Amino acid sequence: MSRGRANARYGYRAANESGAVVEGEVEAGSEQMAIDMLRRRALWATDVWPKQPVRKTRESRGVPPGALATITRALSALLTSGVTLEQALSYASKQSQGAELREAFALVRDDVRNGRSLSEAFETQRVFPALFSALARTGEATGTLDKALDRLAEHLERTDELRARMRSALLYPALLGVAAIFGVTVIMLVVVPRFAVLLQQAGSDIPTSTRILLATSRAATAGWPVLLILALIAVVSWRQWIRVPENRRRWHGSRIDWPVWGPLERATSAARYTRTFALAVPSGVDLLSAMSLSRGTVHNLAIAAELQEAETAVRGGASLSSSVSRVLPPLAVQLLSAGEASGSLGPLSGRAADALESQVQQSLTRAVTLIEPVLILAFGGLIGFVALGLLQAIYGMNASTM
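Just so you know, we're using my numbering here: the sequence shown kicks off at 306 and counts up by one.
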């Protein structure tokens, strides 16, 4: 279980949109998070300093989108029916799936009870994506918090559905690979050594393929502790290496160039980005904040870096469609361009998300179609070689007996 980390209270001095200097306090996990939080409130910090620690919240291990979607939908329904926000949050703190989510909602309820807004309370809990606080803020400003939560629940349900389709499509190849590896391991470590004893007792000539098979089996049987230790060292070394942000970014950058996986990862990242963007913009989130929130849903750091460059270009005056043209597929770029020109960026970005999710499904189907025969041929060939070695030895034993 991961250790908790303390949120801290930061004092700040910042300029608002009219240029006036304001002072106050904000609760955040780090100084940079405090600055980002202020910027989302249209406050540009000139000075930020730490004050006393306030409380500890656990590092989020990641709550499934399905669990978040279910309780967010329930919150929306409760607010629509006239239940107070505090009562709705109390319900969520008792009925959410998982202790981590229940604890987070309990802390949010306490914050709201103590006078904080829901958007501010969401910001203090790492369980909730940044999209929660952004949509809650716009819902609070417009008096449509229930509708904002309803749109958020729909977004989370779509995200969970896409993830479930990907898991389902990759399940069969994964099971096929595990079964083949298990079968070959049992043959090499159990069946072949026993068969070697019979060959020694028979004293017949051993074919070349059988000699190779027996030598491989002896090496695996005698050396499996060493192989296990080497595998553990490799896993630990990899985990240490991948923790370095620059190494992780390079690894992610190399993955998008792979023949089959690369296009699939690009399509998935583009679909997540546009789906989140299509939710944020119609909800009243400003363009740059919507781009930043959408970028946060992209897991590949190399693609996220390209999207961050697009944000810089938009901040410098470039259009959205031209800025993301290096990252998003042409169809999505054209739809975003049409949305900018017609003033209907929200609906057309939603159509772009629908199209990209369809492309993800098609890419996934093609990838699985390619992977399955490769796995079957590879493991079938390996098992065939083992069977050939055994059959040739049996044939030789029968021939020598006759």
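All C-beta atoms in this analysis are idealised placements derived from N, C-alpha and C, irrespective of residue type, glycine included. Quantities reported herein were computed from a predicted structural model and do not represent experimental measurements.
Given a cut-off of 8 Å, decide if residue j and residue i are closer than it, judged by their beta-carbon atoms.
| i | j | result |
| --- | --- | --- |
| Ala474 | Val673 | yes |
| Ala660 | Leu653 | no |
| Leu598 | Ala339 | no |
| Ile376 | Val691 | no |
| Leu519 | Ala501 | yes |
| Met596 | Ala615 | yes |
| Val565 | Leu476 | no |
| Leu633 | Thr579 | yes |
| Leu641 | Ser626 | yes |
| Val665 | Ala585 | no |
| Ser630 | Val619 | no |
| Pro568 | Arg468 | no |
Kindly list the residues whose CB is nearer than 7 Å to the CB of residue i, restricted to its own chain and excluding five residues on each side of it in sequence; keep chain order.
| i | result |
| --- | --- |
| Arg414 | Glu391, Leu394, Ser395 and Ser398 |
| Val388 | none |
| Val331 | Tyr315, Tyr317, Ala339, Met342 and Leu343 |
| Glu428 | Met342 and Ser438 |
Starting from the C-beta of residue i, find all residues in its chain whose C-beta is less than 6 Å away, skip the five residues before and the five after it, and write them out in chain order.
| i | result |
| --- | --- |
| Ser574 | Val603, Asn605 and Ile608 |
| Ser365 | Because the pLDDT at Ser365 is just 44, under 50, the model does not fix this residue reliably, and the point stays unresolved. |
| Pro587 | Gly651 |
With DSSP run on the structure shown, which of helix, strand or coil describes residue i?
| i | result |
| --- | --- |
| Asp352 | strand |
| Arg314 | strand |
| Val502 | helix |
| Asp331 | According to the sequence provided, residue 331 is Val. The question's Asp does not apply to it. Looking at Val331 - three-state DSSP - the assignment turns out to be strand. |
| Pro512 | coil |
| Pro530 | helix |
| Thr602 | coil |
| Arg421 | coil |
| Arg431 | coil |
| Gly689 | helix |
| Thr449 | coil |
| Pro652 | helix |
| Thr375 | helix |
| Val359 | Below a pLDDT of 50, predicted positions are generally treated as unreliable, and Val359, at 41, falls in that range; the measurement from the model is reported next regardless. If DSSP states are grouped into helix, strand and coil, Val359 belongs with the strands. |
| Gln697 | helix |
| Thr581 | helix |
| Ser630 | coil |
| Ile561 | coil |
| Pro678 | helix |
Residue i and residue j look like a contact to me (Cβ under 8 Å); what is the Cβ gap, rounded to whole Å?
| i | j | result |
| --- | --- | --- |
| Leu436 | Leu457 | 7 Å |
| Thr464 | Ala453 | Actually they are not in contact, since the Cβ atoms of Thr464 and Ala453 sit about 17 Å apart, beyond 8 Å. |
| Val489 | Ile681 | That pair is no contact at about 14 Å. |
For residue i, which residues does DSSP report across the bridge?
| i | result |
| --- | --- |
| Val638 | According to DSSP, Val638 bridges with nothing at all. |
| Val326 | Ala320 |
Who are the Cβ neighbours of residue i in its own chain at under 8 Å, not counting the five residues just before and after it?
| i | result |
| --- | --- |
| Ala350 | Tyr317, Arg318, Ala319, Ala339, Ile340, Leu343 and Arg344 |
| Ala372 | Ser401, Gln402, Gly403 and Leu406 |
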